[in-house]
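In our numbering, the protein residues as written are 419 to 487.
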């Protein structure tokens with residue numbers, strides 16, 4: 419009977435088997451992924467917060483013709 423390991427356990431075992439120079443590369447990659455995720459969240463949040471301000475500018479009769487393009 420085999421015991422299934424959790425994904426976290428498998429990952430930790432793989433990390434522990436890496437040489438120190440590869441650990442540094444892995445840490446840099448993880449930091450990159452986290453930063454990219456934070457950047458996307460910041461952009462999304464900024465876009466959502468600006469929607470009401472842009473709605474006041476864009477939603478007007480003068481610009482209605484551009485909506486048809």
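Yeah, the Cβ is synthetic: ideal placement off N, Cα and C, and Gly gets one too.
1) Cβ of residue 444 within 8 Å of Cβ of residue 461?
2) What is the DSSP secondary structure of residue 478, counted as helix, strand or coil?
3) Expressed to the nearest angstrom, what Euclidean distance is found between the alpha-carbon atoms of residue 483 and residue 476?
4) Have a look at residue 455 and residue 427 and give me their C-alpha separation to the nearest angstrom.
5) Could you give the residue range of the alpha helix (DSSP H) that holds residue 431?
Here's the rundown:
1) Locating residue 444 in the chain shown gives position 26, counting from the first residue. Locating residue 461 in the chain shown gives position 43, counting from the first residue. No, these two residues do not count as a Cβ contact at 8 Å.
2) Locating residue 478 in the chain shown gives position 60, where the first residue counts as 1. DSSP places residue 478 in coil when its eight states are reduced to three.
3) Position 65 of the chain shown, counted from the first residue, corresponds to residue 483. Position 58 of the chain shown, counted from the first residue, corresponds to residue 476. Roughly 11 Å separates the two Cα atoms.
4) Position 37 of the chain shown, counting from 1, holds the residue named residue 455. Position 9 of the chain shown, counting from 1, holds the residue named residue 427. Going by the C-alpha atoms only, they are around 24 Å apart.
5) As a working mapping, residue 431 is identified with position 13 in the chain shown. Counting along the chain, the alpha helix (DSSP H) containing residue 431 begins and ends at 425-434.
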